[in-house]
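Numbering of the sequence shown is given in full-length UniProt numbering, commencing with residue 1 and proceeding in unit increments.
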Amino acid sequence: MSTIRLVLGMVAAENLHLEQLDVKTAFLHGDLEEDLYMIQPEGFIVQGQENLVCKLRKSLYGLKQAPRQWYKKFDNFMHRIGFKRCEADHCCYVKSFDNSYIILLLYVDDMLIAGSDIEKINNLKKQLSKQFAMKDLGAAKQILGMRIIRDKANGTLKLSQSEYVKKVLSRPDIAHAVGVVSRFMSRPGKQHWEAVKWILRYLKGSLDTCLCFTGASLKLQGYVDADFAGDIDSRKSTTGFVFTLGGTTISWTSNLQKIVTLSTTEAEYVAATEAGKEMIWLHGFLDELGKKQEMGILHSDSQSAIFLAKNSAFHSKSKHIQTKYHFIRYLVEDKLVILEKICGSKNPADMLTKGVTIEKLKLCAASIGLLA
């Protein structure tokens, strides 16, 4: 999902064409690499040869090999026609031309194609149609249950989850609330059901809220926050971070940390490391798509955690911190990430780590491009 949102941000920023294709019976295209047999299908049993089995010549739906064999065949084809597979996401392909480029995203049998030259996109469509049974859906309108609302005149692209929300709860403004109630799925009580109903009421009143890509820029920024020992049962802290491209969310996380931290500083420091890992991935992905970024800016409202990341001196109060959480120090020292202080009241990641007022929630959501 982060990949799709990142590419949609590029589409809005550079006013690219966005087309969609669907592969018919995708899993039937795969070539088998071993001998597989199946019993004769009901209604097709040959009289007198009931004891014989059928040897498969091609992949079938239901085979555990089917998804992998389909992907391998598609991947080989894309390499043959000059596309490069992104290492950051193996379902993203890119091809550069003299004055343009094409990006293709594959999600099982759905494809999104983005590019500035519609003739080259149409040529790619023809190549794909010759190799696979394809259905051309034209300009992209919907992907994975989410509506794509395009306004080329104003340079905006909205990703609406009004239908998707009814099936999957995946909006940044409810990430923390959903994460908390999901911890009680094994033995839910009345108070947990009441909390779920509050979430559903909020969603019903905000179904039209969309991620709005304005095309302002392709600048990547991150915001990170953590509470301290917020989970009453385990006393673990919650990590929350959100990344924006041109001011609109493309990636976010709200989850419990894997360790029990001993201070607010340590909790914020652990969260910064997790956010740093995501930033490095996003940076690498954008580089592969030809959109090289300057040093990434990661905003934190913890001055002490920033100081700890920038100062590698030995401290008795932090000597117990596990080695892997010092990864943020390496990122800062190598100037791959810049940690900057942000006021807590202006940090949108705040809504991912704790319950906030509706006014604060709306402010945080608006600051990361989540608009009604």
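Yeah, the Cβ is synthetic: ideal placement off N, Cα and C, and Gly gets one too.
When only Cα atoms are considered, Ala366 and Leu157 end up about 16 angstroms apart. Cβ contact annotation for Asp117 (same chain, cutoff 6 angstroms, sequence separation greater than five): Ser100, in chain order. Rounded to whole angstroms, Lys317 and Ile306 show a C-alpha spacing of 15 angstroms. Ile148 is classed as buried because its beta carbon has at least 16 other beta carbons within 10 Å across all chains shown. In this structure, Leu371 sits near Cys210, with a CB-CB distance shorter than 8 angstroms. Considered as a whole, the stretch 169-247 harbours 210-213, 220-226 and 238-245 as its complete beta strand (DSSP E) runs of no fewer than 3 residues, in chain order.
Within its own chain, the residues whose Cβ lies closer than 6 angstroms to the Cβ of Met351, once the five positions on either side in sequence are excluded, are Leu361 and Cys364, listed in chain order. Distance from the CA atom of Phe327 to the CA atom of Leu63, rounded to whole angstroms, is 41 angstroms. Uninterrupted alpha helix (DSSP H) stretches at least 4 residues long and entirely within the stretch 52-103 occur at 66-80, given in chain order.
Within the same chain, and ignoring the five residues on either side of Ala349 in sequence, the residues whose Cβ sits closer than 7 angstroms to its Cβ are Tyr223, Val224, Asp225, Gly240, Phe241 and Val242. Closest in alpha carbon position to Thr253, among Thr238, Leu6, Gly246 and Tyr37, is Thr238.
Assignment of Ser312 by DSSP, reduced to helix, strand and coil, places it in the coil class. The C-alpha of Lys354 lies about 13 angstroms from the C-alpha of Ser345. DSSP places Leu361 in the uninterrupted alpha helix (DSSP H) bounded by Ile358 to Ser367.
Look at Ala133 here: in three-state DSSP terms it is coil, with no helix or strand label. Looking at the backbone, the Cα of Leu218 and that of Leu112 are separated by about 20 angstroms. Here Asp110 is bridged, per DSSP, to Asp22 and Tyr107. With a threshold of 16 other beta carbon atoms within 10 Å, Cys54 falls short and is exposed. Around the beta-carbon of Phe27, 16 or more other beta-carbon atoms lie within 10 Å, marking it buried. One Cα belongs to Ile250, the other to Leu298, and the distance between them is close to 15 angstroms. Spatial neighbours of Gln322 in its own chain (CB-CB distance under 8 angstroms, excluding positions within 5 residues in sequence) are listed in chain order as Ile259.
Under the criterion of beta carbons closer than 8 angstroms, Leu308 and Thr265 qualify as touching, at roughly 6 angstroms. For the set Tyr93, Ile103 and Ser263, the Cα lying nearest the Cα of Ser302 is the one of Ser263. Gly230 counts as buried, since no fewer than 16 other beta carbons sit within 10 angstroms of its beta carbon. Taking a contact as a CB-CB distance under 8 angstroms, the pair Leu8 and Phe213 counts as one, their CB atoms being some 6 angstroms apart.
Within the same chain, and ignoring the five residues on either side of Tyr93 in sequence, the residues whose Cβ sits closer than 6 angstroms to its Cβ are Met78, Phe83, Arg85 and Leu104.
Shown here for Lys141: same chain residues with a beta carbon closer than 8 angstroms to its own, the five before and five after excluded, namely Gln20, Arg147 and Ile148 in chain order. No residue range can be given for Glu34, since it is assigned to no alpha helix (DSSP H) and is classified by DSSP as neither H nor E. Looking at the DSSP output, Asn123 sits in no beta bridge, so it has no partner there. Assignment of beta-bridge partners to Ile338 by DSSP yields Ile297. The beta carbon of Ala177 is closer than 6 angstroms to those of Ile199 in its chain, skipping five residues each way along the sequence. His17 carries a strand assignment under DSSP once its states are collapsed to helix, strand and coil. Each residue's CA atom was taken as its position, placing Leu207 and Glu194 some 20 angstroms apart. Of Phe132, Asp227, Ala13 and Ile102, the smallest CA-CA separation from Arg150 is found for Ala13. Checking the DSSP bridge columns, you'll see Leu371 partnered with Cys210.
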